[in-house]
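*Asks:* Dropping the structure in here first, questions after.
Residue numbers (full-length UniProt numbering): 1 to 394.
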(Lines of atoms letter the chains of each structure in order from A and count residues from 1; the text may use other names and numbers.)
(Lines give C-alpha, C1' and ligand atoms only; values in the text may rest on other atoms or scores of the structure.)
Protein backbone atom coordinates (compact mmCIF):
# COMPACT_ATOMS: atom_id res chain seq x y z
CA UNK A 1 0.00 0.00 0.00
CA UNK A 2 1.40 3.34 -1.07
CA UNK A 3 -0.51 6.32 0.43
CA UNK A 4 1.01 8.65 -2.16
CA UNK A 5 -0.58 6.90 -5.14
CA UNK A 6 -4.19 6.60 -6.29
CA UNK A 7 -6.06 3.55 -5.03
CA UNK A 8 -4.38 3.31 -1.63
CA UNK A 9 -7.65 3.50 0.32
CA UNK A 10 -9.14 0.61 -1.70
CA UNK A 11 -6.02 -1.39 -0.86
CA UNK A 12 -6.33 -0.35 2.79
CA UNK A 13 -9.96 -1.51 2.93
CA UNK A 14 -9.13 -4.86 1.30
CA UNK A 15 -6.51 -5.44 3.97
CA UNK A 16 -9.09 -4.86 6.70
CA UNK A 17 -10.21 -8.49 6.36
CA UNK A 18 -6.70 -9.63 7.28
CA UNK A 19 -6.46 -7.26 10.26
CA UNK A 20 -9.91 -7.35 11.86
CA UNK A 21 -8.36 -6.92 15.31
CA UNK A 22 -7.80 -3.22 14.71
CA UNK A 23 -11.52 -2.75 14.04
CA UNK A 24 -12.28 -4.03 17.53
CA UNK A 25 -10.30 -1.33 19.31
CA UNK A 26 -12.18 0.86 21.74
CA UNK A 27 -11.85 4.65 21.46
CA UNK A 28 -9.56 4.54 24.51
CA UNK A 29 -7.27 1.96 22.86
CA UNK A 30 -7.26 4.03 19.67
CA UNK A 31 -6.24 7.18 21.54
CA UNK A 32 -3.45 5.37 23.38
CA UNK A 33 -2.15 4.04 20.05
CA UNK A 34 -2.31 7.44 18.35
CA UNK A 35 -0.49 9.05 21.28
CA UNK A 36 2.23 6.40 21.24
CA UNK A 37 2.60 6.82 17.46
CA UNK A 38 2.99 10.60 17.86
CA UNK A 39 -0.16 11.49 15.90
CA UNK A 40 -1.64 13.29 18.92
CA UNK A 41 1.56 15.33 19.25
CA UNK A 42 1.60 16.34 15.58
CA UNK A 43 4.39 14.04 14.37
CA UNK A 44 3.61 10.45 13.33
CA UNK A 45 6.74 8.44 14.11
CA UNK A 46 5.10 5.21 12.99
CA UNK A 47 1.74 4.05 11.65
CA UNK A 48 -0.88 2.15 13.59
CA UNK A 49 -0.99 -0.71 11.10
CA UNK A 50 1.65 -3.28 10.26
CA UNK A 51 2.61 -3.27 6.63
CA UNK A 52 4.17 -6.13 4.71
CA UNK A 53 5.22 -3.60 2.06
CA UNK A 54 8.88 -2.82 1.46
CA UNK A 55 7.97 0.87 1.21
CA UNK A 56 9.43 3.15 3.86
CA UNK A 57 6.70 5.62 4.66
CA UNK A 58 7.34 9.34 4.95
CA UNK A 59 5.93 11.23 7.92
CA UNK A 60 3.14 12.56 5.71
CA UNK A 61 2.22 9.05 4.58
CA UNK A 62 2.23 7.77 8.17
CA UNK A 63 -0.04 10.68 9.10
CA UNK A 64 -2.45 9.77 6.27
CA UNK A 65 -2.57 6.14 7.41
CA UNK A 66 -3.08 7.09 11.04
CA UNK A 67 -5.82 9.59 10.25
CA UNK A 68 -7.72 7.11 8.08
CA UNK A 69 -7.22 4.31 10.61
CA UNK A 70 -8.58 6.50 13.41
CA UNK A 71 -11.63 7.50 11.36
CA UNK A 72 -12.37 3.90 10.33
CA UNK A 73 -11.95 2.58 13.89
CA UNK A 74 -14.34 5.25 15.20
CA UNK A 75 -16.90 4.27 12.55
CA UNK A 76 -16.72 0.57 13.39
CA UNK A 77 -16.79 1.33 17.13
CA UNK A 78 -19.94 3.45 16.77
CA UNK A 79 -22.01 1.88 13.97
CA UNK A 80 -23.55 -1.58 14.20
CA UNK A 81 -23.10 -3.87 11.19
CA UNK A 82 -20.52 -1.46 9.76
CA UNK A 83 -19.04 -2.13 6.33
CA UNK A 84 -16.31 -0.40 4.27
CA UNK A 85 -18.65 1.08 1.63
CA UNK A 86 -20.91 2.76 4.20
CA UNK A 87 -17.84 3.96 6.09
CA UNK A 88 -16.48 5.73 2.99
CA UNK A 89 -19.88 7.29 2.26
CA UNK A 90 -20.12 8.57 5.84
CA UNK A 91 -16.61 10.05 5.71
CA UNK A 92 -17.25 11.89 2.43
CA UNK A 93 -20.51 13.26 3.84
CA UNK A 94 -18.75 14.25 7.09
CA UNK A 95 -15.98 16.19 5.32
CA UNK A 96 -18.59 17.82 3.14
CA UNK A 97 -20.02 19.45 6.27
CA UNK A 98 -16.58 20.70 7.28
CA UNK A 99 -15.77 22.17 3.89
CA UNK A 100 -15.90 25.94 4.11
CA UNK A 101 -13.48 28.47 2.68
CA UNK A 102 -13.30 30.28 6.01
CA UNK A 103 -12.29 27.24 7.98
CA UNK A 104 -9.34 25.07 8.81
CA UNK A 105 -11.10 22.45 6.66
CA UNK A 106 -11.44 23.40 3.02
CA UNK A 107 -11.59 21.00 0.09
CA UNK A 108 -13.16 23.14 -2.61
CA UNK A 109 -10.75 21.80 -5.24
CA UNK A 110 -11.63 18.14 -4.59
CA UNK A 111 -13.58 17.12 -7.70
CA UNK A 112 -13.57 13.30 -8.25
CA UNK A 113 -16.99 11.61 -8.35
CA UNK A 114 -15.74 8.21 -7.16
CA UNK A 115 -16.14 8.41 -3.39
CA UNK A 116 -13.03 6.46 -2.45
CA UNK A 117 -10.94 8.58 -4.79
CA UNK A 118 -12.61 11.69 -3.42
CA UNK A 119 -11.73 10.65 0.13
CA UNK A 120 -8.10 10.15 -0.94
CA UNK A 121 -8.05 13.69 -2.31
CA UNK A 122 -9.67 15.05 0.85
CA UNK A 123 -7.17 13.36 3.16
CA UNK A 124 -4.31 14.51 0.95
CA UNK A 125 -5.65 18.08 1.01
CA UNK A 126 -6.15 17.81 4.75
CA UNK A 127 -2.53 16.85 5.30
CA UNK A 128 -1.28 19.28 2.66
CA UNK A 129 -3.06 22.09 4.52
CA UNK A 130 -0.53 21.54 7.27
CA UNK A 131 2.49 21.88 5.01
CA UNK A 132 4.28 25.18 5.24
CA UNK A 133 7.66 26.31 3.99
CA UNK A 134 8.88 25.92 7.58
CA UNK A 135 7.74 22.32 7.72
CA UNK A 136 9.14 21.35 11.10
CA UNK A 137 8.45 24.46 13.14
CA UNK A 138 6.02 24.88 16.01
CA UNK A 139 3.17 26.05 13.79
CA UNK A 140 3.39 22.87 11.71
CA UNK A 141 3.60 20.75 14.84
CA UNK A 142 0.55 22.29 16.46
CA UNK A 143 -1.51 22.32 13.26
CA UNK A 144 -0.81 18.62 12.67
CA UNK A 145 -1.73 17.92 16.28
CA UNK A 146 -5.14 19.47 15.58
CA UNK A 147 -5.90 16.67 13.09
CA UNK A 148 -7.39 14.64 15.95
CA UNK A 149 -10.23 17.16 15.89
CA UNK A 150 -11.36 15.34 12.72
CA UNK A 151 -11.61 12.11 14.68
CA UNK A 152 -13.58 13.59 17.57
CA UNK A 153 -15.84 15.53 15.19
CA UNK A 154 -16.51 12.38 13.14
CA UNK A 155 -17.49 10.55 16.33
CA UNK A 156 -19.81 13.47 17.18
CA UNK A 157 -21.29 13.33 13.67
CA UNK A 158 -22.00 9.59 13.89
CA UNK A 159 -23.51 9.74 17.37
CA UNK A 160 -25.68 12.83 16.94
CA UNK A 161 -26.33 12.64 13.18
CA UNK A 162 -25.95 16.40 12.81
CA UNK A 163 -23.62 18.90 11.16
CA UNK A 164 -20.29 18.66 13.06
CA UNK A 165 -18.86 21.99 11.93
CA UNK A 166 -19.83 23.97 15.02
CA UNK A 167 -18.45 21.26 17.30
CA UNK A 168 -15.14 21.13 15.38
CA UNK A 169 -14.77 24.92 15.33
CA UNK A 170 -15.52 25.24 19.04
CA UNK A 171 -13.08 22.47 19.95
CA UNK A 172 -10.33 24.10 17.89
CA UNK A 173 -11.03 27.40 19.63
CA UNK A 174 -10.81 25.74 23.04
CA UNK A 175 -7.60 23.91 22.16
CA UNK A 176 -5.81 26.90 20.67
CA UNK A 177 -6.79 29.18 23.53
CA UNK A 178 -5.67 26.60 26.08
CA UNK A 179 -2.34 26.11 24.31
CA UNK A 180 -1.97 29.89 24.22
CA UNK A 181 -2.42 30.00 28.01
CA UNK A 182 0.12 27.18 28.36
CA UNK A 183 2.69 29.09 26.30
CA UNK A 184 1.97 32.17 28.38
CA UNK A 185 2.36 30.42 31.75
CA UNK A 186 6.15 30.63 31.97
CA UNK A 187 7.31 32.66 34.99
CA UNK A 188 10.00 34.68 33.21
CA UNK A 189 9.53 35.28 29.51
CA UNK A 190 12.37 36.62 27.38
CA UNK A 191 12.07 38.21 23.95
CA UNK A 192 11.85 35.02 21.96
CA UNK A 193 9.28 33.50 24.34
CA UNK A 194 7.06 36.56 23.93
CA UNK A 195 7.51 36.55 20.16
CA UNK A 196 6.59 32.87 19.95
CA UNK A 197 3.37 33.63 21.84
CA UNK A 198 2.55 36.48 19.46
CA UNK A 199 3.43 34.36 16.43
CA UNK A 200 1.18 31.61 17.68
CA UNK A 201 -1.63 34.07 18.36
CA UNK A 202 -1.39 35.29 14.77
CA UNK A 203 -1.35 31.82 13.22
CA UNK A 204 -4.53 30.21 14.51
CA UNK A 205 -7.39 29.89 12.05
CA UNK A 206 -10.72 29.91 13.82
CA UNK A 207 -9.69 31.56 17.02
CA UNK A 208 -9.42 35.21 17.98
CA UNK A 209 -6.99 35.49 20.89
CA UNK A 210 -5.31 38.60 22.18
CA UNK A 211 -1.83 39.10 23.57
CA UNK A 212 -2.80 42.54 24.79
CA UNK A 213 -4.78 41.48 27.85
CA UNK A 214 -4.35 39.02 30.69
CA UNK A 215 -5.88 35.74 29.59
CA UNK A 216 -7.29 33.15 31.97
CA UNK A 217 -9.55 30.13 32.10
CA UNK A 218 -12.44 32.59 32.41
CA UNK A 219 -12.19 33.05 28.63
CA UNK A 220 -12.23 29.31 27.85
CA UNK A 221 -15.28 27.07 28.02
CA UNK A 222 -14.05 23.70 29.26
CA UNK A 223 -17.33 22.56 30.86
CA UNK A 224 -18.79 21.14 27.60
CA UNK A 225 -15.95 18.61 27.41
CA UNK A 226 -16.95 15.75 29.67
CA UNK A 227 -15.65 12.83 27.61
CA UNK A 228 -12.36 11.39 28.89
CA UNK A 229 -10.78 11.41 25.41
CA UNK A 230 -11.63 15.08 24.85
CA UNK A 231 -10.14 15.99 28.23
CA UNK A 232 -6.98 13.92 27.69
CA UNK A 233 -6.49 15.53 24.28
CA UNK A 234 -6.72 19.07 25.68
CA UNK A 235 -4.31 18.14 28.48
CA UNK A 236 -1.82 16.40 26.14
CA UNK A 237 -1.59 19.34 23.72
CA UNK A 238 -0.93 21.69 26.62
CA UNK A 239 1.78 19.35 27.95
CA UNK A 240 3.41 19.41 24.52
CA UNK A 241 3.26 23.20 24.33
CA UNK A 242 5.20 23.75 27.57
CA UNK A 243 7.87 21.12 26.91
CA UNK A 244 11.52 22.03 27.45
CA UNK A 245 14.62 20.03 28.37
CA UNK A 246 14.52 21.26 31.96
CA UNK A 247 12.06 20.97 34.81
CA UNK A 248 8.82 22.92 34.48
CA UNK A 249 9.00 26.23 36.30
CA UNK A 250 6.47 27.14 38.97
CA UNK A 251 4.22 29.03 36.56
CA UNK A 252 3.99 26.07 34.18
CA UNK A 253 3.37 23.62 37.03
CA UNK A 254 0.65 25.85 38.44
CA UNK A 255 -0.96 26.13 35.00
CA UNK A 256 -1.01 22.37 34.41
CA UNK A 257 -2.45 21.70 37.87
CA UNK A 258 -5.12 24.34 37.29
CA UNK A 259 -5.95 22.91 33.86
CA UNK A 260 -6.29 19.44 35.37
CA UNK A 261 -8.67 20.81 38.00
CA UNK A 262 -10.72 22.66 35.35
CA UNK A 263 -11.01 19.40 33.38
CA UNK A 264 -11.81 17.47 36.57
CA UNK A 265 -8.76 15.25 36.10
CA UNK A 266 -6.59 13.96 38.94
CA UNK A 267 -3.05 15.09 39.71
CA UNK A 268 -1.90 11.62 38.67
CA UNK A 269 -3.49 12.06 35.23
CA UNK A 270 -1.82 15.47 34.81
CA UNK A 271 1.55 13.99 35.78
CA UNK A 272 1.04 11.09 33.37
CA UNK A 273 0.32 13.50 30.50
CA UNK A 274 3.46 15.56 31.20
CA UNK A 275 5.61 12.45 31.64
CA UNK A 276 4.37 10.85 28.40
CA UNK A 277 5.16 13.96 26.40
CA UNK A 278 8.67 14.04 27.87
CA UNK A 279 9.19 10.34 27.19
CA UNK A 280 7.97 10.63 23.59
CA UNK A 281 10.05 13.69 22.77
CA UNK A 282 13.20 12.37 24.46
CA UNK A 283 12.84 9.05 22.61
CA UNK A 284 12.26 10.66 19.20
CA UNK A 285 13.86 14.08 19.51
CA UNK A 286 16.16 13.53 16.52
CA UNK A 287 13.13 12.89 14.30
CA UNK A 288 11.28 16.02 15.44
CA UNK A 289 13.41 18.97 14.39
CA UNK A 290 11.52 21.50 16.48
CA UNK A 291 12.41 19.66 19.69
CA UNK A 292 16.00 18.89 18.74
CA UNK A 293 17.23 21.91 20.70
CA UNK A 294 17.52 22.71 24.41
CA UNK A 295 15.40 25.81 23.77
CA UNK A 296 13.13 25.22 20.75
CA UNK A 297 11.51 28.64 21.02
CA UNK A 298 14.89 30.40 20.77
CA UNK A 299 15.90 28.30 17.77
CA UNK A 300 12.56 28.93 16.04
CA UNK A 301 12.92 32.67 16.65
CA UNK A 302 16.47 32.71 15.24
CA UNK A 303 15.69 30.56 12.20
CA UNK A 304 12.55 32.42 11.16
CA UNK A 305 14.19 35.78 11.80
CA UNK A 306 17.06 34.92 9.46
CA UNK A 307 14.71 33.66 6.77
CA UNK A 308 12.47 36.72 6.84
CA UNK A 309 15.52 39.02 6.83
CA UNK A 310 16.87 37.33 3.70
CA UNK A 311 13.50 37.59 1.94
CA UNK A 312 13.22 41.30 2.76
CA UNK A 313 16.75 42.10 1.55
CA UNK A 314 16.43 40.04 -1.64
CA UNK A 315 13.25 41.92 -2.55
CA UNK A 316 14.44 45.31 -1.31
CA UNK A 317 13.80 47.36 -4.45
CA UNK A 318 10.39 45.88 -5.17
CA UNK A 319 9.27 46.20 -1.54
CA UNK A 320 10.31 49.87 -1.34
CA UNK A 321 8.51 50.57 -4.61
CA UNK A 322 5.27 48.93 -3.45
CA UNK A 323 5.37 50.39 0.07
CA UNK A 324 6.11 53.95 -1.04
CA UNK A 325 2.94 53.89 -3.14
CA UNK A 326 0.99 53.90 0.13
CA UNK A 327 1.95 56.88 2.29
CA UNK A 328 -0.22 55.61 5.13
CA UNK A 329 1.53 52.22 5.16
CA UNK A 330 4.94 53.92 5.12
CA UNK A 331 4.03 56.04 8.13
CA UNK A 332 2.69 53.08 10.11
CA UNK A 333 5.69 50.87 9.36
CA UNK A 334 8.05 53.64 10.34
CA UNK A 335 6.16 54.26 13.57
CA UNK A 336 6.07 50.53 14.36
CA UNK A 337 9.81 50.71 15.03
CA UNK A 338 9.25 53.34 17.73
CA UNK A 339 5.93 52.48 19.35
CA UNK A 340 3.36 49.71 19.70
CA UNK A 341 0.74 50.03 16.98
CA UNK A 342 -2.92 49.83 17.94
CA UNK A 343 -4.95 46.74 17.10
CA UNK A 344 -6.61 48.56 14.20
CA UNK A 345 -3.26 49.84 12.88
CA UNK A 346 -1.75 46.35 13.04
CA UNK A 347 -4.66 44.92 11.08
CA UNK A 348 -4.33 47.67 8.50
CA UNK A 349 -0.59 47.05 8.07
CA UNK A 350 -1.11 43.30 7.93
CA UNK A 351 -3.74 43.51 5.18
CA UNK A 352 -1.72 45.94 3.05
CA UNK A 353 1.41 43.80 3.36
CA UNK A 354 -0.57 40.71 2.34
CA UNK A 355 -1.73 42.60 -0.77
CA UNK A 356 1.88 43.54 -1.54
CA UNK A 357 3.08 39.97 -1.04
CA UNK A 358 0.52 38.83 -3.62
CA UNK A 359 2.29 40.98 -6.22
CA UNK A 360 5.81 39.68 -5.44
CA UNK A 361 6.17 35.94 -6.28
CA UNK A 362 9.08 35.28 -3.93
CA UNK A 363 7.04 36.63 -1.01
CA UNK A 364 4.12 34.30 -1.69
CA UNK A 365 5.18 32.37 1.42
CA UNK A 366 3.38 34.97 3.53
CA UNK A 367 0.00 34.23 1.93
CA UNK A 368 0.28 30.42 1.94
CA UNK A 369 -1.29 28.31 4.71
CA UNK A 370 0.75 28.99 7.84
CA UNK A 371 2.46 31.99 6.25
CA UNK A 372 0.58 34.49 8.38
CA UNK A 373 2.71 33.17 11.25
CA UNK A 374 5.60 35.19 9.82
CA UNK A 375 3.84 38.49 9.16
CA UNK A 376 4.72 39.98 12.58
CA UNK A 377 8.39 39.38 11.75
CA UNK A 378 7.96 40.95 8.32
CA UNK A 379 6.43 44.05 9.93
CA UNK A 380 9.28 44.17 12.43
CA UNK A 381 12.13 43.78 9.94
CA UNK A 382 11.06 46.00 7.05
CA UNK A 383 11.86 49.28 8.89
CA UNK A 384 15.06 47.78 10.34
CA UNK A 385 16.45 46.37 7.10
CA UNK A 386 15.25 49.17 4.82
CA UNK A 387 15.91 52.20 7.06
CA UNK A 388 16.51 54.68 4.25
CA UNK A 389 12.92 54.24 3.08
CA UNK A 390 11.58 55.34 6.45
CA UNK A 391 13.93 58.12 7.47
CA UNK A 392 11.29 60.78 6.84
CA UNK A 393 8.95 59.06 9.28
CA UNK A 394 11.37 58.97 12.20
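Yeah, the Cβ is synthetic: ideal placement off N, Cα and C, and Gly gets one too. The structure presented is a predicted model; accordingly, all values stated were derived computationally and were not measured.
1. Can you give me the start and stop residues for the alpha helix (DSSP H) that residue 162 sits inside?
2. For residue 347 and residue 331, what's the separation of their Cα atoms in angstroms?
3. Assess, as a yes-or-no matter, whether the stretch 89-98 is touched by the stretch 23-33 under the definition of 3 or more beta carbon pairs within less than 8 Å.
4. Check whether the Cβ atoms of residue 265 and residue 232 lie closer than 9 Å to each other.
5. Take every Cβ of the stretch 68-80, pair it with every Cβ of the stretch 259-278, and state whether three or more of those distances are shorter than 8 Å.
6. Quick one, are the C-beta atoms of residue 222 and residue 238 less than 9 Å apart?
7. Return the chain-ordered ranges of every alpha helix (DSSP H) run that is complete within the stretch 21-56 and spans a minimum of 4 residues.
8. Take residue 123 as the anchor and find which of 152, 91 and 114 has the nearest alpha-carbon.
9. Near residue 329, what residues of its chain come up, given a Cβ to Cβ distance below 7 Å and the 5 sequence neighbours on each side ignored?
10. Identify whether residue 223 lies in helix, strand or coil by the three-state DSSP scheme.
11. Under the assumption that residue 395 contacts residue 342 (Cβ atoms under 8 Å), give the Cβ distance between them as a whole number of angstroms.
12. Report the rounded CA-to-CA distance for residue 188 versus residue 217, giving the unit in angstroms.
13. Grouping DSSP H, G and I as helix and E and B as strand, with all else coil, what is residue 342?
14. If you count every other CB in all the chains shown that lies within 10 Å of the CB of residue 185, and 16 or more means buried, which is it?
15. Cα-Cα, which of 286, 228 and 254 is closest to residue 263?
16. Between 315, 148 and 89, which lies nearest to residue 31 when the distance is taken from Cα to Cα?
17. By DSSP, does residue 8 sit in helix, in strand, or in coil?
18. Nearest-angstrom Cα distance between residue 240 and residue 326?
19. Using 10 angstroms around the beta-carbon of residue 164, count the other beta-carbons present and answer buried if the total reaches 16, otherwise exposed.
20. Just how far apart, CA to CA, sit residue 261 and residue 235?
21. Name the residue from 115, 60, 317 and 66 whose alpha carbon lies nearest to the alpha carbon of residue 87.
22. With a threshold of 16 other CB atoms inside 10 Å of the CB of residue 364, please say whether the residue is buried or exposed.
23. Given a threshold of 16 other Cβ atoms within 10 Å of its Cβ, counted over all protein chains shown, does residue 161 qualify as buried or as exposed?
24. Helix, strand or coil: which one does DSSP assign to residue 79?
25. Would you identify the three-state DSSP class for residue 288, choosing helix, strand or coil?
26. Rounded to the nearest angstrom, how far is the Cβ of residue 319 from that of residue 362, given a contact under 8 Å?
27. Any idea if residue 256 is buried or exposed, counting beta-carbon neighbours within 10 angstroms, 16 or more meaning buried?
28. In terms of residue numbering, what span does the alpha helix (DSSP H) encompassing residue 85 cover?
29. Go ahead and label residue 7 buried or exposed: buried means 16 or more other beta carbons lie within 10 angstroms of its beta carbon, across all protein chains shown.
*Replies:* Put simply:
1. Against the chain shown, residue 162 aligns to sequence position 162. No alpha helix (DSSP H) contains residue 162, which DSSP labels as neither H nor E.
2. Within the chain shown, residue 347 is the residue found at index 347, counting from 1. Within the chain shown, residue 331 is the residue found at index 331, counting from 1. When rounded, the distance between both Cα atoms is 14 Å.
3. Counting Cβ pairs under 8 Å, fewer than three are found: no touch.
4. Position 265 of the chain shown, counted from the first residue, corresponds to residue 265. Position 232 of the chain shown, counted from the first residue, corresponds to residue 232. Result yes, Cβ atoms of residue 265 and residue 232 sit closer than 9 Å.
5. Contact between the stretch 68-80 and the stretch 259-278 is absent, because fewer than three Cβ pairs lie under 8 Å.
6. As a working mapping, residue 222 is identified with position 222 in the chain shown. As a working mapping, residue 238 is identified with position 238 in the chain shown. Result no, Cβ atoms of residue 222 and residue 238 do not sit closer than 9 Å.
7. The stretch 21-56 contains these whole alpha helix (DSSP H) runs: 27-37.
8. Reading the chain shown from its first residue, position 123 is the one you call residue 123. Comparing Cα positions, the closest option is 91.
9. As a first step, residue 329 must be located in the chain shown, where it is residue number 329. Contacts found: 323, 349 and 352.
10. Here residue 223 refers to the residue found at position 223 when the chain shown is read from its first residue. It is coil, neither helix nor strand.
11. Outside the displayed span of the chain (1 to 394) sits residue 395, for which this structure offers no information.
12. For the purposes of this step, residue 188 is taken as the residue at position 188 of the chain shown. For the purposes of this step, residue 217 is taken as the residue at position 217 of the chain shown. Each residue's CA atom was taken as its position, placing residue 188 and residue 217 some 20 Å apart.
13. Position 342 of the chain shown holds residue 342. Per DSSP, reduced to three states, the secondary structure at residue 342 is coil, with no helix or strand assignment.
14. Here residue 185 refers to the residue found at position 185 when the chain shown is read from its first residue. Residue 185 is buried by the Cβ-count criterion.
15. Locating residue 263 in the chain shown gives position 263, counting from the first residue. With distances taken between Cα atoms, residue 263 lies closest to 228.
16. Locating residue 31 in the chain shown gives position 31, where the first residue counts as 1. Ranking the options by Cα distance to residue 31, first place goes to 148.
17. In the chain shown, residue 8 corresponds to position 8, counting from 1. In this structure, residue 8 counts as helix in the three-state DSSP scheme.
18. Position 240 of the chain shown, counting from 1, holds the residue named residue 240. Position 326 of the chain shown, counting from 1, holds the residue named residue 326. Answer to the nearest angstrom: the Cα atoms are 42 Å apart.
19. Position 164 of the chain shown, counted from the first residue, corresponds to residue 164. Per the 10 Å Cβ criterion, buried.
20. Counted from its first residue, the chain shown places residue 261 at position 261. Counted from its first residue, the chain shown places residue 235 at position 235. In a straight line, the C-alpha of residue 261 is about 11 Å away from that of residue 235.
21. Against the chain shown, residue 87 aligns to sequence position 87. Nearest of 115, 60, 317 and 66 to residue 87, Cα basis: 115.
22. Counting from 1 along the chain shown, the entry for residue 364 is found at position 364. So residue 364 ends up on the exposed side.
23. Here residue 161 refers to the residue found at position 161 when the chain shown is read from its first residue. Classification for residue 161: exposed.
24. If you number the chain shown from 1, residue 79 lands on position 79. DSSP, read as helix, strand or coil, puts residue 79 in coil.
25. As a working mapping, residue 288 is identified with position 288 in the chain shown. It is coil, neither helix nor strand.
26. Sequence index remark: in the chain shown, residue 319 carries index 319 (1-based). Sequence index remark: in the chain shown, residue 362 carries index 362 (1-based). Under the criterion of beta carbons closer than 8 Å, residue 319 and residue 362 do not qualify as touching, at roughly 10 Å.
27. In the chain shown, counting from the first residue as 1, residue 256 sits at position 256. Here residue 256 is buried. Its C-beta has 16 or more other C-beta atoms within 10 Å.
28. Along the chain shown, one-based indexing puts residue 85 at 85. Taken as a continuous stretch (DSSP letters only), the alpha helix (DSSP H) holding residue 85 covers 84-98.
29. Sequence index remark: in the chain shown, residue 7 carries index 7 (1-based). When all chains shown are included, residue 7 counts as exposed.
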